[in-house]
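Visitor:
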């Protein structure tokens, strides 16, 4: 079974959570301290088991309720998008707790990352996670407010050279030599293999607590994405299909495919949009952006200037204070408090 890059869904980093996900949140510092104390207690009362022996015990009703078990051979396995190959992560023992004689609680503890909040299932899903040691279906670093509905620490996407020997891996679907890129990196984010992501403000350079630089690369489809502010994040989306996205204060970005239902924050500048742009909202002070194809059903905030519209403009609202805009295509629709230039 070959799955597309956009197949993986509901991966989120640092977004305010809905009711279901909020129960997984790390909480305030006092709550985290209590959780760490509990984790230390848990690790002192653990039985080491292999995944196979744990499954056998569950299937034969031999688990001991409230007993903790360390799965010594757990590792994340997942199908690499657009391939028939699986990626095998490093061994990461997980501590789980029996809820009954044949079931486990979902919450697990990693001794490698003791601060992480992990939800684990003993079940294997061969078409997605392989048939090895169960799978992590939620992982959070509460200190950085980074979370995803999969094991983002051990998830990769594969990229190929489009020109043999170039060393440039920019093709998502086949080519010459290839490399596997991590889903998350402590210094930058290479987005691949999921399509719902939020990066909170604290993960950007400039706020004193940042663990990421301002470089963000999206590989494949980009849907339902929110990125926090910071110091002029540099954003590159290629070849992204961008929908339901919110970007705050970005500069020098490049979008190669179209956009739909997108919101940009204030002071976005120097971006190039190679595809059609529809139902997009730009905040105040956006400038020096180049729309190379059609712009429709969109709004540009006040104080925007020096933007270039090479394609047609349909049904758009541009707030007062806009100046020095260049319109090269047809203009059809309405601009608030400012007449459309040209005939």
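Residue numbers (my numbering): 372 to 714.
For each residue, glycine too, the CB sits at the ideal point set by N, CA and C.
Keep in mind that this is a model prediction, so the values were computed, not measured.
Just to confirm, does residue 667 get its C-beta within under 7 Å of one of the non-hydrogen atoms of the ligand GDP?
Guide: Judged by which ligands are present, the structure shown has none, so any question about the ligand GDP falls away.
Visitor: From residue 568 to residue 519, what does the alpha carbon distance come to, in whole angstroms?
Guide: The sequence position of residue 568 within the chain shown is 197, counting from 1. The sequence position of residue 519 within the chain shown is 148, counting from 1. Because residue 568 carries a pLDDT of 49, less than 50, the predicted location of this residue cannot be relied on, and the following value inherits that uncertainty. In a straight line, the C-alpha of residue 568 is about 8 Å away from that of residue 519.
Visitor: Could you give the uninterrupted runs of the alpha helix (DSSP H) lying entirely in the stretch 404-445, keeping only those of 4 residues or more?
Guide: The qualifying runs are 422-430.
Visitor: Give the DSSP-derived three-state secondary structure of residue 498 in the structure shown.
Guide: Translated into positions along the chain shown, residue 498 becomes position 127. Residue 498: helix per DSSP, three-state reduction.
Visitor: At what residues does the beta strand (DSSP E) containing residue 459 begin and finish?
Guide: Walking along the chain shown from the start, residue 459 turns up at place 88. Where residue 459 is concerned, the enclosing beta strand (DSSP E) stretches over 457-462.
Visitor: What separation, rounded to the nearest whole angstrom, lies between the Cα atoms of residue 400 and residue 488?
Guide: Your numbering for residue 400 matches position 29 in the chain shown. Your numbering for residue 488 matches position 117 in the chain shown. Between residue 400 and residue 488, the C-alpha separation is close to 14 Å.
Visitor: Only counting the same chain, and skipping five residues up and downstream in sequence, which positions put a Cβ closer than 7 Å to that of residue 715?
Guide: This structure does not reach residue 715, given that the chain is present from 372 up to 714, and the question cannot be answered.
Visitor: Any idea what DSSP makes of residue 402, helix, strand or coil?
Guide: Taking the chain shown and counting its residues from 1, one reaches residue 402 at position 31. Helix, per DSSP.
Visitor: Touch check for the stretch 447-457 and the stretch 427-434: three-plus C-beta pairs under 8 Å?
Guide: No, the stretch 447-457 is not in contact with the stretch 427-434.
Visitor: Could you compute how far the alpha carbon of residue 419 sits from the alpha carbon of residue 441?
Guide: Residue mapping note: residue 419 aligns to position 48 of the chain shown, counting from 1. Residue mapping note: residue 441 aligns to position 70 of the chain shown, counting from 1. Approximately 5 Å between the Cα atoms of the pair.
Visitor: For the beta strand (DSSP E) holding residue 465, just list the boundary residues, first then last.
Guide: Numbered from its first residue, the chain shown carries residue 465 at position 94. Element bounds for residue 465: 465-468.
Visitor: Could you tell me which of 673, 655 and 649 sits nearest to residue 663, measuring between CA atoms?
Guide: Translated into positions along the chain shown, residue 663 becomes position 292. That would be 649, whose Cα lies nearest to the Cα of residue 663.
Visitor: Determine the closest residue to residue 505 out of 517, 406, 466 and 665, with distance taken between C-alpha atoms.
Guide: As a position in the chain shown, residue 505 is number 134, starting the count at 1. Of 517, 406, 466 and 665, the residue nearest in Cα terms is 466.
Visitor: Let me confirm a value: residue 411 is counted as buried when at least 16 other C-beta atoms fall within 10 Å, else exposed. Which label applies?
Guide: The residue given as residue 411 occupies position 40 in the chain shown. Its Cβ having fewer than 16 others within 10 Å, residue 411 is exposed.
Visitor: Out of 405, 551 and 470, point me to the one whose CA is closest to residue 435's CA.
Guide: Counting from one through the chain shown, the residue named residue 435 turns up at place 64. Measuring from the Cα of residue 435, the nearest candidate turns out to be 470.
Visitor: Can you give me the start and stop residues for the beta strand (DSSP E) that residue 475 sits inside?
Guide: Here residue 475 refers to the residue found at position 104 of the chain shown. No beta strand (DSSP E) holds residue 475; DSSP gives it neither H nor E.
Visitor: For residue 529, report the span of its beta strand (DSSP E) as first-last.
Guide: Sequence index remark: in the chain shown, residue 529 carries index 158 (1-based). Counting along the chain, the beta strand (DSSP E) containing residue 529 begins and ends at 527-532.
Visitor: Flag this pair as yes or no: are the beta carbons of residue 655 and residue 673 separated by less than 8 Å?
Guide: Reading the chain shown from its first residue, position 284 is the one you call residue 655. Reading the chain shown from its first residue, position 302 is the one you call residue 673. Against a cut-off of 8 Å, the Cβ pair of residue 673 and residue 655 comes out as a contact.
Visitor: Could you check where the beta strand (DSSP E) with residue 535 kicks off and where it finishes?
Guide: On the chain shown, residue 535 is found 164 positions in, with the first residue counted as 1. Element bounds for residue 535: n/a, residue is neither H nor E.
Visitor: How about residue 433 and residue 468: do their beta carbons lie closer than 8 Å?
Guide: Counted from its first residue, the chain shown places residue 433 at position 62. Counted from its first residue, the chain shown places residue 468 at position 97. No, these two residues do not count as a Cβ contact at 8 Å.
Visitor: How big is the Cα-Cα spacing for residue 532 and residue 526?
Guide: Counted from its first residue, the chain shown places residue 532 at position 161. Counted from its first residue, the chain shown places residue 526 at position 155. Looking at the two C-alpha atoms, the distance is approximately 20 Å.
Visitor: Are the CB atoms of residue 522 and residue 458 nearer to each other than 8 Å?
Guide: As a working mapping, residue 522 is identified with position 151 in the chain shown. As a working mapping, residue 458 is identified with position 87 in the chain shown. In this structure, residue 458 does not lie closer than 8 Å to residue 522 by Cβ.
Visitor: From residue 558 to residue 530, what distance separates their C-alpha atoms?
Guide: One-based indexing of the chain shown puts residue 558 at position 187. One-based indexing of the chain shown puts residue 530 at position 159. Its pLDDT being 46, under 50, residue 558 is placed unreliably in this model, and the coordinates cannot settle the point.
Visitor: Exposed or buried, what is residue 548 when buried is set at 16 or more other beta-carbons lying within 10 Å of its beta-carbon?
Guide: Translated into positions along the chain shown, residue 548 becomes position 177. Looking at its Cβ environment, which holds fewer than 16 other Cβ atoms inside 10 Å, residue 548 is exposed.
Visitor: If you count every other CB in all the chains shown that lies within 10 Å of the CB of residue 513, and 16 or more means buried, which is it?
Guide: In the chain shown, residue 513 corresponds to position 142, counting from 1. By the 10 Å Cβ count, residue 513 comes out buried.
Visitor: Exposed or buried, residue 538, counting other C-beta atoms within 10 Å across all chains shown (16 or more means buried)?
Guide: Taking the first residue of the chain shown as position 1, residue 538 is located at position 167. The residue in question, residue 538, is exposed, as its Cβ has fewer than 16 Cβ neighbours within 10 Å.
Visitor: CB-CB under 8 Å to residue 373, same chain, minus the five flanking residues each way: which ones, in chain order?
Guide: Position 2 of the chain shown, counted from the first residue, corresponds to residue 373. Reliability of the predicted coordinates at residue 373 is poor, the pLDDT of 38 falling under 50, and no value is obtained from them.
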